[in-house]
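To start, the structure itself, in structure tokens.
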Amino acid sequence: MDYIIKLAFVLLIFIYSWFFQIQNQEWDQLRSMLKDANNIAVHDAAQELDETELTRGRLIIDPTEAYDTFQQTLQNNLGLDSGLSPQGGSRFKTQVKIVKFDIIDDSDGVTFPLLYEDSEYGITKYIAGPSVIAVIETEHPVLISRSKTQQPIRVPAVQEYKINK
4 MDYIIKLAFV
14 LLIFIYSWFF
24 QIQNQEWDQL
34 RSMLKDANNI
44 AVHDAAQELD
54 ETELTRGRLI
64 IDPTEAYDTF
74 QQTLQNNLGL
84 DSGLSPQGGS
94 RFKTQVKIVK
104 FDIIDDSDGV
114 TFPLLYEDSE
124 YGITKYIAGP
134 SVIAVIETEH
144 PVLISRSKTQ
154 QPIRVPAVQE
164 YKINK
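My numbering puts the first residue of the sequence shown at 4, with every later residue one more than the last.
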């Protein structure tokens, strides 16, 4: 009887460790997918330049077009609908949220290079030219219920134009 109790205890620990490892692997895969999609989306958003201002020699990113392009690129790369909720076949189980979308360009009256700091999202970067900065997040995958609530998976990305002088 003593042997069976010990064996059951070891089996329980093994199964718990196994699920914990699967949960961590799922977190890693989702974070990697979010990071890649965010990098592509800020790149696409940074391409939405105001053509009129460009003829005047100023790099001005159209905020409405940039945001729409950013959101559309996230939808296409992560299998999301227009509300950024997962569609059938997506690896994501919960909605992806755009928690920050910021454009810094010549319309802001700043001079480059610029030290960009955002303590809320932990972003500190020297920016060499007009930029799109975005932070997206989704809920942490849960396979094992725990008393401690996991922080959401939050991923920043910065796309900048480097001005050669």
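For each residue, glycine too, the CB sits at the ideal point set by N, CA and C.
Residue i versus the options, residue with shortest Cα-Cα distance
i, options, result
"residue 129", "34, 164, 23", "164"
"residue 102", "86, 4, 116, 138", "138"
"residue 153", "16, 24, 30", "30"
"residue 134", "122, 145, 117, 123", "117"
"residue 27", "143, 158, 162", "143"
"residue 96", "145, 124, 55, 5", "145"
"residue 73", "12, 140, 50, 151", "50"
"residue 162", "123, 151, 119", "119"
"residue 140", "104, 7, 8", "104"
"residue 36", "56, 90, 94, 67", "94"
"residue 126", "158, 108, 113", "158"
"residue 100", "113, 92, 108, 85", "85"
"residue 108", "6, 122, 57, 151", "57"
Nearest-angstrom beta carbon gap, residue j and residue i [assumed within contact, 8 Å]
i, j, result
"residue 42", "residue 131", "That belief does not hold up - the Cβ atoms of residue 42 and residue 131 are roughly 17 Å apart, past 8 Å."
"residue 110", "residue 63", "5 Å"
"residue 69", "residue 106", "6 Å"
Residue i and residue j closer than 8 Å at C-beta
i, j, result
"residue 61", "residue 156", "no"
"residue 98", "residue 88", "yes"
"residue 71", "residue 52", "no"
Cutoff 8 Å: residue i Cβ touching any chain D Cβ
i, result
"residue 35", "The structure shown contains no chain D; it is built from a single protein chain."
Notebook entry, point to check: Of all the alpha helix (DSSP H) runs that stay within the bounds of the stretch 54 to 82, which reach a length of 4 or more residues?
Noted result: Annotation: the stretch 54 to 82 contains the following complete segments of the alpha helix (DSSP H) (minimum length 4 residues), in chain order: 54 to 58, 66 to 81.
Next item on the list: Flag this pair as touching only if the stretch 79 to 93 and the stretch 27 to 45 have three or more C-beta atom pairs under 8 Å; answer yes or no.
Entry: Yes: at least three Cβ pairs fall under 8 Å.
Notebook entry, point to check: Is the number of C-beta pairs between the stretch 7 to 22 and the stretch 46 to 55 that are closer than 8 Å three or more?
Noted result: No: the two stretches stay apart, fewer than three of their Cβ pairs being nearer than 8 Å.
Check: Residue ranges of each beta strand (DSSP E) run of no fewer than 3 residues wholly in the stretch 108 to 160, ordered along the chain?
Finding: DSSP runs (the beta strand (DSSP E)) wholly in the stretch 108 to 160: 117 to 121, 126 to 130, 134 to 141.
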